Each structure stands twice: as structure tokens, then as C-alpha cells.
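**Q** Numbers given in our numbering equal positions in the sequence shown, counted from 1, plus 735.
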Amino acid sequence: MAVFVTRAQWGARQPTGRSTQITPERGGVTIHHVGGSRIARASHSDCAAQVRGIQRQHMDGNGWADIAYSHLTCVHGYVFEGRGEGVRTAANGTNTANQNWYAVCGLVGGSSSSYDTITANLLDAFRTAIARLRSQGGAARAINGHRNQLATECPGNLYRYVQDGSLEPPGGRTHTVREGETLYSIGRRYGVPWQRIAEANGITSPYTIFVGQVLVIPDS
Ligand SMILES: [Zn+2]
Ligand SMILES: [Zn+2]
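1. Could you check what DSSP says for residue 760 in three-state terms: helix, strand or coil?
2. Check whether the segment 786-804 and the segment 895-908 touch, using three or more Cβ-Cβ pairs below 8 angstroms as the test.
3. Would the segment 795-811 count as touching the segment 878-892 if we require 3 or more Cβ pairs under 8 angstroms?
4. For residue 928 and residue 862, which I take to be in contact (beta-carbon distance under 8 angstroms), what is that distance rounded to the nearest angstrom?
5. Report the three-state DSSP secondary structure of residue 753 (helix, strand or coil).
6. Cβ-heavy atom distance between residue 889 and ligand 1 below 6 angstroms?
7. On the three-pair Cβ rule with 8 angstroms, is the segment 914-925 touching the segment 865-872?
8. When DSSP labels each residue in this structure, what does residue 880 get in the three-state scheme?
9. So, helix, strand or coil for residue 872, using DSSP?
10. For residue 831, report the span of its alpha helix (DSSP H) as first-last.
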């Protein structure tokens, strides 16, 4: 189980504002990475300073109210509290995405051929962050990548883990959508009403799903 690091513990500055006008029950959690070069710190003692640097860049460089993400995760298995549950993110790229989806950012980066090592501890930290955003923040069960919100390479090599269900907190069944499947056919397969699957994943009319999408399958 990952360790949660509060804002006080990592030395966060106070936000200059915060909006709680969100509807995360319609979306879920969007996964990000820091970016195009390898940035994971060798020693965890350097991670808090890295998070403070990202906050400084977002507030002083971009003029935002706070660090953009809901939470951040490091390769050592820690979850750094970002804006937190119930607060609108600024990271997802569109108003709708910031309205309906929380944002969790891995402190990793690189090019596809030279990327930070994606550790088991990092995946565990993502699962912990997502579980919190669901249980305390009302997030719907869907998990997607920043690239599903708009054209971007983010979250880089992490996207494979978005797709294969590795980020799903324990206790949930998932199904990766294949060519030709519909919510109805998936519901038949698991013996669950398709409307329940739609609801659990924040999918509304016209109920579009896409190949590779990871759906949470509710128990009934
Ligand atoms: Zn991103
Ligand atoms: Zn760390």
C-alpha cells in the first residue's frame, strides 16, 4: 500500500483560489506524466522538492491557483496530495475534462525508447490515489489518459498501464473493450445490465465506447 504525503508534509504553498464546482461522477480519473525527458528522482528524499518545483511552475509560471493535479505519484510508492478530492483540476486540457475528471500525474517522463522505469511501487501509488478519489472524491470508475481528452502524447509510456487495467484499485473487475463489442454485449457476457456498466464508468448517451477502453464491471 502506497504512502500518502499531505500538502503540509511536502511543504505546499497555499492555493490562491479553488473551485469545487465539479461533477466527477460523470467522468473519473485522467492519468498524466510530467513530460518528455527522464525526471524520476533516484532518491525519494528529492521527490518533495520536485513537487514543490511543479507547484512553483504552475503558480508563478502559468499563473494558476495551485499545482494543477489532484494528486501526484512517485516511483518509490508515494502519493503526494495535490488539489485533492472535491477540487477542480487545471490539468486535463478542456473545461469539460476539468469539470468531470480528476487528474493524477506520475513523476516520470522520457521518450518512448528512453523512459523512466515504471516501478511496481508507482503503479501501486496510482491505485491508491484513484481509490481515494473514488471513495472520498466521488469519482466515477473510469480511468483514461490525458491523450483521451485532447491531442497530446501524455501520459507517454504510462498509457499502456491505463489500457491494460494495471491502475485499477483491487476489488474491481475490469474489461478491455475489443473490436465489435457494445455495452450490451459486454453486459450479456458478465451477466450485468449494460446500464449498470454505463453508470459505473461515467458513460452517458449516446453510450460510445472505444477499442482498448478499460471498463469497470460492477458486481450487479
Ligand atoms: Zn498530461
Ligand atoms: Zn519518491
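From the three backbone atoms N, C-alpha and C, an ideal C-beta is built for every residue, glycine too.
Every value quoted in this text rests on a predicted model; they were computed, and no experiment measured them.
**A** Looking at the atomic coordinates:
1. Here residue 760 sits in helix by DSSP.
2. Contact check between the segment 786-804 and the segment 895-908: fewer than three CB pairs, one atom from each, fall below 8 angstroms, which does not count as touching.
3. Segments in contact, no.
4. About 27 angstroms separates the two Cβ atoms, so there is no contact after all.
5. Correct three-state label for residue 753: coil.
6. Result yes, Cβ under 6 angstroms from ligand 1.
7. Not touching, per the Cβ criterion.
8. Looking at residue 880 - three-state DSSP - the assignment turns out to be strand.
9. DSSP, read as helix, strand or coil, puts residue 872 in coil.
10. That run of the alpha helix (DSSP H) goes 830-835.
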